[in-house]
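Student: Dropping the structure in here first, questions after.
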Amino acid sequence: MSHAVRKPGASEQQVVAWLPEEWRARMTEWGEPAFRAQQIFQWIHKQGVLDVEHMSNLSRPLRARLLEHGLRSPLVEEMVRRSADGTRKLLLRLDDGLAIECVMIPRAHLQDLHDEDEEDDEDEGTSEQERAERPVTLCISTQVGCAMGCVFCASGQAGLKRGLGAHEVIAQFLHARRHLDAGERIKNIVFMGMGEPLHHYTETARTIRLLTHPAGAGLSPRRITVSTVGLIRGIQKLGEDFGGKIGLAISLHAPDHATRSSIIPMNESQPLAELVEALRRYPLPKRRRITIEYTLIAGVNDQVAHARRLVQALRGLPIKVNLIPMNPIAASSLRAPEQQAVEAFRRELAQLRVSCSVRATRGDDVDAACGQLALNAPAPGAGSRSLRDQLLSGHGS
Ligand code: SAH
């Protein structure tokens, strides 16, 4: 079992992550007609079929060849947990024994991640049937653990085990789709699970290409949000490669260099001022906003003065702030502020006319910390609220 950091190059991509043009090149090489490329891509990404035996319009020899090339799911579903509110969490086991998780959240629970006013203009042109569907947001992981080292984050404190290949990231979507209820559809993807999506930019970009390809799932790029600690080069590339259409959530967590460096070690090499400049250059379409994630930590970044400085530092940027009272983690004694401090911080932002929401915290269950469930590969029944509560539950305010 190897836990070494792996950065597969394009040529080493696993077949599940091949794009249609790569399939076409391979079909030519194998002496197969070009339309097979489209058929295979559709089986995988439109139908979600990863078992070659079910690819009924392909010849037996071709199916055998695909199997030889490793066409199968790169992970197994170890556990699917469903809470009363419809949230579903999948614990997935990778080939090398490591575990990851992804979470499916029905729209009703997601006011803080998606603005209603941004949702509608894009729905033009969608069919009657699509409008009737109940949207689900999927939160996916890009790494096992994380190398960024944020002091309040369980994944950061655990360190990086390895980055996921695009095939392992897309497989979370392909598997999650099998757990939709009738009438539901995965409409939004947030790269907000374990790991730093811009650390392995190539894999994240490939996953986005797969998700948005019209021959596959055909998701709208505007429905995809990448959450990052603020890797400047990655933000710039994301803007260039996708024309600013991919949503950005920035884990800012502090309004000034010193405070930010004390909780986010990456801030030393990716200074706040330069990060903010990179955000100003991001080619964001009109009417869209960048989400600023702000984990509130008692005695660190939770004063009203911090709120004021935050607004100053981001002046002129189209933003919405998402306040996240820190969830306790075993690796740190840092804690969320008292409720009044959270409220005072929120009120200050509102007074300064910054759009703002607060994610609810649930209990002090240490198992509920970010990514800890997958990191610890728990027994069924343990820590059932981790990622969802950590990252996604909450209410607009
Ligand atoms: N690497 C990406 C995704 C991380 S997880 C990023 O940094 O954005 C998504 C969010 O949860 C981030 O904003 C992260 O800082 C936050 N987070 C991590 N641990 C937390 C904790 N214990 N309490 C509250 N928020 C936390």
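If you read the sequence shown in my numbering, its first letter stands for residue 8, the second for the next number, and so on. We put the beta carbon where it would ideally sit given N, CA and C, even for glycine. Please read these numbers as outputs of a predicted model, since none were measured by experiment.
Compute the beta-carbon to beta-carbon distance between I257 and I215, rounded to the nearest angstrom, for a pair I have assumed lies under 8 Å.
Tutor: Taking the first residue of the sequence shown as position 1, residue 257 is located at position 250. Taking the first residue of the sequence shown as position 1, residue 215 is located at position 208. 17 Å between Cβ atoms; not a contact.
Student: What three-state label does DSSP hand P27 in the structure shown?
Tutor: The residue labelled residue 27 in the question sits at position 20 within the sequence shown. Reduced to three states, the DSSP call for P27 is helix.
Student: Taking 9 Å as the threshold (C-beta atoms), are L218 and R196 in contact?
Tutor: What you label residue 196 is simply residue 189 of the sequence shown in a count that begins at 1. What you label residue 218 is simply residue 211 of the sequence shown in a count that begins at 1. Sequence inspection shows Ile at residue 196; the Arg mentioned does not correspond to that position. Their beta carbons are under 9 Å apart, which means I196 touches L218 by this criterion.
Student: Going by beta carbon distance, what residues of the same chain come within less than 8 Å of R72, once the five residues before and after it are set aside?
Tutor: Taking the sequence shown and counting its residues from 1, the one referred to as residue 72 is at position 65. Once the five neighbours on either side are set aside, the close Cβ partners of R72 are W37.
Student: Quick check on DSSP: helix, strand or coil for I215?
Tutor: Locating residue 215 in the sequence shown gives position 208, where the first residue counts as 1. I215 falls in the helix class under three-state DSSP.
Student: List the endpoints of the continuous beta strand (DSSP E) containing I47.
Tutor: Residue numbering aside, residue 47 sits at position 40 when the sequence shown is read from its first letter. First-last for I47: F42 to F48, but that is the alpha helix (DSSP H), not the beta strand (DSSP E).
Student: Are there any heavy atoms of the ligand SAH lying less than 8 Å away from the beta-carbon of H313, as far as the coordinates show?
Tutor: Taking the sequence shown and counting its residues from 1, the one referred to as residue 313 is at position 306. Checking the Cβ of H313 against the ligand SAH gives no.
Student: Cutting at 7 Å between CB atoms, please list the residues of its own chain near E84, excluding the five before and the five after it.
Tutor: By 1-based counting over the sequence shown, the position of residue 84 is 77. So the qualifying residues of the chain are L97, L99 and H182.
Student: On the DSSP bridge list, what partners appear for M111?
Tutor: Counting from 1 along the sequence shown, the entry for residue 111 is found at position 104. Paired residues: R95 and L145.
Student: For G163, does the count of other Cβ atoms within 10 angstroms reach 16, so buried, or fall short, so exposed?
Tutor: Here the question's residue 163 lines up with position 156 in the sequence shown. So G163 ends up on the buried side.
Student: Taking the beta carbon of R322 as the centre, do at least 16 other beta carbons fall within 10 Å, making it buried, or is it exposed?
Tutor: Locating residue 322 in the sequence shown gives position 315, where the first residue counts as 1. Under this definition R322 is an exposed residue.
Student: Looking at R192: is its Cβ nearer than 9 Å to the Cβ of P142?
Tutor: In the sequence shown, residue 192 corresponds to position 185, counting from 1. In the sequence shown, residue 142 corresponds to position 135, counting from 1. Yes. Within cutoff.
Student: Suppose contacts are defined by Cβ-Cβ distances below 9 Å. Is D309 in contact with P262 by that definition?
Tutor: On the sequence shown, residue 309 is found 302 positions in, with the first residue counted as 1. On the sequence shown, residue 262 is found 255 positions in, with the first residue counted as 1. Cβ atoms of D309 and P262: not closer than 9 Å.
Student: By Cβ distance, which residues of its chain are closer than 7 Å to A44, with the 5 residues on each side in sequence left out?
Tutor: If you number the sequence shown from 1, residue 44 lands on position 37. Contacts found: P27, W30, R31 and M34.
Student: Taking 7 Å as the limit between beta carbons, can you name the residues of its chain near E126, skipping five residues before and five after?
Tutor: Start at 1 with the first residue of the sequence shown, and residue 126 comes out as number 119. At E126, the pLDDT of 48 sits below 50, so the modelled position is not reliable and the matter cannot be decided from this model.
Student: Can you name, in chain order, every residue of its own chain whose Cβ lies under 6 Å from the Cβ of M273, other than the five neighbours on each side?
Tutor: The residue you call residue 273 lines up with position 266 of the sequence shown. M155 and V236, listed in sequence order.
Student: Compare the C-alpha of I107 against each of R138, G152 and A91 and name the closest.
Tutor: Taking the sequence shown and counting its residues from 1, the one referred to as residue 107 is at position 100. Residue G152 is the option with its Cα nearest to I107.
Student: In chain order, what residues of the same chain lie with their CB nearer than 8 Å to the CB of L57, ignoring the 5 residues before and after it?
Tutor: Mapped onto the sequence shown, residue 57 falls at position 50. Only V23, I51, L78, R79, S80, A178 and L181 meet the Cβ criterion.
Student: For the ligand SAH, I want to know if V110 counts as a neighbour, meaning its beta carbon is within less than 8 Å of at least one of the ligand's heavy atoms.
Tutor: Walking along the sequence shown from the start, residue 110 turns up at place 103. No - the ligand SAH has no heavy atom lying nearer than 8 Å to the Cβ of V110.
Student: From D102 to P68, what does the alpha carbon distance come to, in whole angstroms?
Tutor: Reading the sequence shown from its first residue, position 95 is the one you call residue 102. Reading the sequence shown from its first residue, position 61 is the one you call residue 68. C-alpha separation (whole angstroms): 26 Å.
Student: At the level of alpha carbons, what is the spacing between I242 and L205?
Tutor: In the sequence shown, counting from the first residue as 1, residue 242 sits at position 235. In the sequence shown, counting from the first residue as 1, residue 205 sits at position 198. In a straight line, the C-alpha of I242 is about 7 Å away from that of L205.
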